[in-house]
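For the sequence shown, our numbering begins at 1 and goes up steadily by one. Where is the CB? At the ideal position from N, CA and C, for every residue including glycine. Notes follow once the structure below has been shown.
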Amino acid sequence: MPLRMIRVGFGLCAAVLASLPAGLALAANQPVSIELNRLDEQGQSCRASFVITNPGPEAYTGYKLDLVVFDKGGTIMKRLAADVAPLRSDKETVKIFDIPDTPCGGIGSILVNDVLDCRAGDKPAADCAAAIAVSSKLAVKLLK
1 MPLRMIRVGF
11 GLCAAVLASL
21 PAGLALAANQ
31 PVSIELNRLD
41 EQGQSCRASF
51 VITNPGPEAY
61 TGYKLDLVVF
71 DKGGTIMKRL
81 AADVAPLRSD
91 KETVKIFDIP
101 DTPCGGIGSI
111 LVNDVLDCRA
121 GDKPAADCAA
131 AIAVSSKLAV
141 KLLK
């Protein structure tokens with residue numbers, strides 16, 4: 001059977017998208033949100049609590065963040081990798097980890113510098129660093 005090319009105009013594409021159930025067309029574009037929720041002194045370290053929301057249909061078996069911690073003057077204090085996997089689909093999760101040898105009171109901001117590992121199943125997921133949204137409930141800023 002010969003393959004036929006079909007030319008589709010913008011109007012038809014818009015009509016097809018409009019006919020999809022609400023939210024289905026946007027599900028793939030929903031960012032993973034990372035919220036800095038709490039910082040607690042833990043001896044010589046600072047314990048950071050993050051609320052991570054994965055609103056999309058994709059579950060992540062690998063999700064490792066490259067974080068850079070800055071002091072209140074903007075100088076780098078620490079760089080660390082935080083493994084926050086797994087991230088189940090359509091789920092909010094709390095992830096807690098320690099920032100070693102770093103007092104919480106000295107932290108001015110935390111930068112999500114990159115996503116070092118981002119896998120859905122055994123396959124690498126596309127451009128996870130661009131598909132995150134960050135926020136903070138604290139005076140300490142979470143940046144992207």
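| What first and last residue would you give for the beta strand (DSSP E) that runs through Leu134? | The sequence as given places Val at residue 134; Leu does not occur at that position. Residues 132-136.
| Whose C-alpha, out of Gln30, Asp83, Val140, Thr61, is nearest the C-alpha of Gly106? | Val140
| task | For Glu58, count neighbouring Cβ atoms within 10 angstroms of its own Cβ and tell me buried if that reaches 16, exposed if not. | result | buried
| Can you tell me the Cα-Cα spacing of Phe70 and Leu39, whole angstroms? | 14 Å
| field | With 16 other Cβ atoms within 10 Å as the buried cut-off, status of Glu92 | value | exposed
| field | Where Gly73 sits in the DSSP three-state scheme | value | coil
| said: Between the alpha carbons of Ile110 and Glu41, how many angstroms are there, rounded? | reply: 16 Å
| message | When you compare the region 50-65 with the region 79-99, are there three or more beta-carbon pairs, one atom per stretch, that lie closer than 8 Å? | response | yes
| request: Please name the residue in Gly74, Ile52, Phe97 whose C-alpha comes closest to that of Gly108. | output: Gly74
| Which value, in whole angstroms, describes the spacing of the CA atoms of Ile34 and Leu143? | C-alpha separation (whole angstroms): 10 Å.
| task | Run the CB neighbour count on Ala48, radius 10 Å, all protein chains shown included, and call it buried at 16 or more, exposed below. | result | buried
| Around the Cβ of Ile76, are there at least 16 other Cβ atoms within 10 angstroms (buried) or fewer (exposed)? | Under this definition Ile76 is an exposed residue.
| said: By DSSP's criteria, Pro124 is part of a beta bridge. Which residues make up the other side? | reply: Arg119
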